[in-house]
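Structure record follows, encoded as structure tokens.
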Amino acid sequence: KTKQEHFDAQNSVVLLEEKLKDVTTENQFLQNVVRKECEERFELTEALSDARTELLELKKPLGGYSNLPKGSRKSSLSSMNQYLPSPSQGPAQPEDATTKLPLPTNSVNLSYNGQTSRKNSDGSVGSDRTIDAEILNNRKRIASMLGRFS
159 KTKQEHFDAQ NSVVLLEEKL KDVTTENQFL QNVVRKECEE RFELTEALSD ARTELLELKK
219 PLGGYSNLPK GSRKSSLSSM NQYLPSPSQG PAQPEDATTK LPLPTNSVNL SYNGQTSRKN
279 SDGSVGSDRT IDAEILNNRK RIASMLGRFS
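Residues 159 to 308 (the numbering used here) make up the sequence shown, in order.
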């Protein structure tokens, strides 16, 4: 080999080593991003599970599900499930910026057995229609958040 070929080969090796270093650094960065995204998705999945559990408690009839006729149990669950996103539906469409604002959590007071006592700012108890609208809004916000992160 000539000196020029040897010099070109050394330059190629140096360039390839630099490229390998850059690619390795980028790989480590992307692995960290994926790890963080997985952790965040896990936390969101746990939060969704907790929210679903809380929702079931909020929707539970006073006497529990065992006191309901079989047909009404199914209709109660299916009416609730229509608002929850299923994995087959894919990511939910994000809503406008105003619905992404956090709602105050002190508007719901849960007792030990899962019963709720919701009070408006004036101290009066909220109507079922208002409560249902709040629940639906929270479901949409959760679905929107999950759609953004999945």
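Positions of the beta carbon are idealized from the N, C-alpha and C atoms, including for glycine.
Using 10 angstroms around the beta-carbon of S302, count the other beta-carbons present and answer buried if the total reaches 16, otherwise exposed.
-> Here residue 302 is taken as the residue at index 144 of the sequence shown, counted from 1. Per the 10 Å Cβ criterion, buried.
Member of L220, L188, F200 and L206 whose CA lies at the smallest distance from the CA of R297 | Here residue 297 is taken as the residue at index 139 of the sequence shown, counted from 1. Check the Cα spacing between R297 and each of L220, L188, F200 and L206: the tightest is with L206.
Alpha carbon to alpha carbon, how far is K177 from S170? Give it in angstroms, no decimals.
-> Residue 170 sits at position 12 when you count from the first residue of the sequence shown. Residue 177 sits at position 19 when you count from the first residue of the sequence shown. Here the C-alpha atom of S170 lies approximately 10 Å from the C-alpha atom of K177.
Same chain, Cβ closer than 7 Å to N271, neighbours up to 5 away in sequence not counted | Taking the sequence shown and counting its residues from 1, the one referred to as residue 271 is at position 113. Low local confidence applies: a pLDDT of 40 at N271 is under 50, so the model's placement there is unreliable, with the coordinate-based value given in what follows. Excluding sequence neighbours, N271 sits near nothing in its chain.
How many angstroms separate the CA atom of F187 from the CA atom of D180?
-> Sequence index remark: in the sequence shown, residue 187 carries index 29 (1-based). Sequence index remark: in the sequence shown, residue 180 carries index 22 (1-based). Those two C-alpha atoms are separated by around 11 Å.
What is the DSSP secondary structure of K194, reduced to helix, strand or coil?
-> As a first step, residue 194 is located in the sequence shown; it is residue number 36 there, counting from the start. Helix at K194.
Give me the Cα-Cα distance between E195 and E163, rounded to the nearest whole angstrom.
-> Position 37 of the sequence shown, counting from 1, holds the residue named residue 195. Position 5 of the sequence shown, counting from 1, holds the residue named residue 163. In this model, E195 and E163 are separated by some 47 Å (Cα to Cα).
Could you tell me whether the Cβ atoms of I300 and A209 are closer together than 8 Å?
-> As a working note, residue 300 is residue 142 in the sequence shown. As a working note, residue 209 is residue 51 in the sequence shown. The answer is yes: Cβ separation under 8 Å.
Consult DSSP for K218 and reduce its assignment to one of helix, strand or coil.
-> Working through the sequence shown from its first residue, we reach residue 218 at position 60. The answer is coil: DSSP assigns K218 none of H, G, I, E or B.
Kindly indicate which three-state DSSP category T182 falls into: helix, strand or coil?
-> Numbered from its first residue, the sequence shown carries residue 182 at position 24. Correct three-state label for T182: helix.
Is the distance from the Cβ of L304 to the Cβ of L202 below 8 Å?
-> Here residue 304 refers to the residue found at position 146 of the sequence shown. Here residue 202 refers to the residue found at position 44 of the sequence shown. The answer is yes: Cβ separation under 8 Å.
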